[in-house]
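Heads up: the structure comes next, in structure tokens.
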Amino acid sequence: GHARLAVELLTRADESRAREIALYLDEQNRRRQSLERKIAKQAREMVADRGLAGDARRAIVLASEQWHPGVVGIVAARLVEEFHRPAILIALENGQGQGSGRSIRNFHMFEALAACGEHLQAFGGHAMAGGLRIEASRIEPFAEAFVDYANRRLTAADLQPKLHLDAVALLLELSLETATQLLGLGPFGLGNPRPRLQVEAVELAGEPRCVGRNQEHLQFTVRQNGCVVKAIAFGQARRAPMLRDQRRCDLAFEPLLNTFRGQTSVELRVLDIRPCRAGAASAAG
Numbered sequence: 081g082h083a084r085l086a087v088e089l090l091t092r093a094d095e096s097r098a099r100e101i102a103l104y105l106d107e108q109n110r111r112r113q114s115l116e117r118k119i120a121k122q123a124r125e126m127v128a129d130r131g132l133a134g135d136a137r138r139a140i141v142l143a144s145e146q147w148h149p150g151v152v153g154i155v156a157a158r159l160v161e162e163f164h165r166p167a168i169l170i171a172l173e174n175g176q177g178q179g180s181g182r183s184i185r186n187f188h189m190f191e192a193l194a195a196c197g198e199h200l201q202a203f204g205g206h207a208m209a210g211g212l213r214i215e216a217s218r219i220e221p222f223a224e225a226f227v228d229y230a231n232r233r234l235t236a237a238d239l240q241p242k243l244h245l246d247a248v249a250l251l252l253e254l255s256l257e258t259a260t261q262l263l264g265l266g267p268f269g270l271g272n273p274r275p276r277l278q279v280e281a282v283e284l285a286g287e288p289r290c291v292g293r294n295q296e297h298l299q300f301t302v303r304q305n306g307c308v309v310k311a312i313a314f315g316q317a318r319r320a321p322m323l324r325d326q327r328r329c330d331l332a333f334e335p336l337l338n339t340f341r342g343q344t345s346v347e348l349r350v351l352d353i354r355p356c357r358a359g360a361a362s363a364a365g
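Going by this note's numbering, the first residue of the sequence shown is number 81, and it counts up by one from there.
Rendered as structure tokens:
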């Protein structure tokens, strides 16, 4: 499998064989990404066509014979980010379904699957993610039971995305030493989330660029009190016009360390962008 090839790539002394493996794995990864985008597009269309993103249905359950079981978990995570509600995607083949789900705070995925277990052949997971096997004929009653469970346990407020930030900072405070210390608090996970900070009234330094294979990410540079830092906002290319119009903004972000050609610098992994608050613009410069 791919895991064996990855090990061989890292241990192979034969340069030509290593290059062959690297090219093969890169091609497989590109195919997976293409499949992921295709399934995500289909899933979004299903949500829109069936009206599944309203307050009346506080969870999403979708199934298709066109989907690959190895990708549905990644796409479920995308739907959770986009619609901020639990999502389960099921890949169907020969009357059997293999599904993967992702959740939000205040909704325990494993407990939800257990509550609907009469419809499932098998299931497992934890608070934020789960997997299941199901007969195709049981998908509709399972979906209704799962959504009903979510409707009883989630409030409308739970469906509003919230960013929990640790502190407001200045760009000048984000030294290499400080960022290294913050990232040294890892390993990060559900019980120990990455440090999330906010900077206010930063000025756009230069034009933002849309990057990535499908131009879906936003890369830009910000300045505050003479300090200049690079930023990347994954999946937020749609924010480019707002950035160009506002020129100054507030950012919620996670600090990153980026090493390029032997030089390590601090960058911002931007989680959210909002126009600069009134009266705060004077802080940038």
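A virtual CB, placed ideally from N, CA and C, is assigned to each residue, including glycine.
- Given a length threshold of 3 residues, each whole run of the beta strand (DSSP E) inside the segment 117-163 is given here in chain order: 140-144.
- Burial is judged here by how many other beta carbons sit within 10 angstroms of a residue's own beta carbon; Q178 has at least 16 and is buried.
- Pairing A133 with V127 gives a Cβ-Cβ distance under 8 Å.
- By the CB criterion at 8 Å, D246 and P275 fall inside the cutoff.
- Collapsing the DSSP output to three states places P275 in coil.
- A residue is called buried once 16 or more other Cβ atoms fall within 10 Å of its Cβ, and L323 is buried on that count.
- Bounds of the alpha helix (DSSP H) holding F222 are I219 to R233.
- When rounded, the separation of the alpha-carbon atoms in S114 and H148 is 12 Å.
- Out of G315, S345, V308 and T344, the CA that lies nearest to the CA of D352 is found in G315.
- Runs of the alpha helix (DSSP H) lying entirely within the segment 289-332, each at least 4 residues long, are 320-326 in chain order.
- CA-to-CA, the gap between I140 and Q343 works out to about 44 Å.
- A195: not part of any beta strand (DSSP E); member of the alpha helix (DSSP H) spanning M189 to A195, first to last residue.
- Pairing Q299 with P288 gives a Cβ-Cβ distance under 8 Å.
- Cβ neighbours of A317 within its own chain (closer than 7 Å, five residues either side excluded): C290, Q295, E296, H297 and L298.
- The beta-carbon distance between V346 and V309, rounded to whole angstroms, is 6 Å. This is short enough to meet the 8 Å contact definition.
- Here Y229 is buried. Its C-beta has 16 or more other C-beta atoms within 10 Å.
- Boundaries of the alpha helix (DSSP H) around A259: L256 to L263.
- Listed in chain order, the non-local C-beta contacts of E116 below 7 Å within the same chain comprise V151, I154 and V155, local neighbours out to five positions each way being set aside.
- In this structure, G181 sits away from G204, with a CB-CB distance that is not shorter than 8 Å.
- Scanning its chain for C-beta atoms nearer than 8 Å, with the 5 sequence neighbours on each side dropped, one finds around N272 the residues L265 and G266, in chain order.
- In this structure, the CA atom of R233 is about 21 Å from the CA atom of L243.
- Less than 8 Å separates the beta-carbon of D238 from that of I184.
- In terms of CA proximity to I219, G197 leads the group M208, I312, G197 and T339.
- Note on Q304: 16 or more other CB atoms within 10 angstroms of its CB, so buried under the neighbour-count rule.
- The criterion of a C-beta distance shorter than 8 Å is satisfied by I170 and L142.
- In this chain, Q240 is not harboured by any beta strand (DSSP E), its DSSP state being neither H nor E.
- For E253, no beta strand (DSSP E) segment is defined, and its DSSP state is neither H nor E.
- The three-state reading of DSSP puts N109 in helix, counting H, G and I together.
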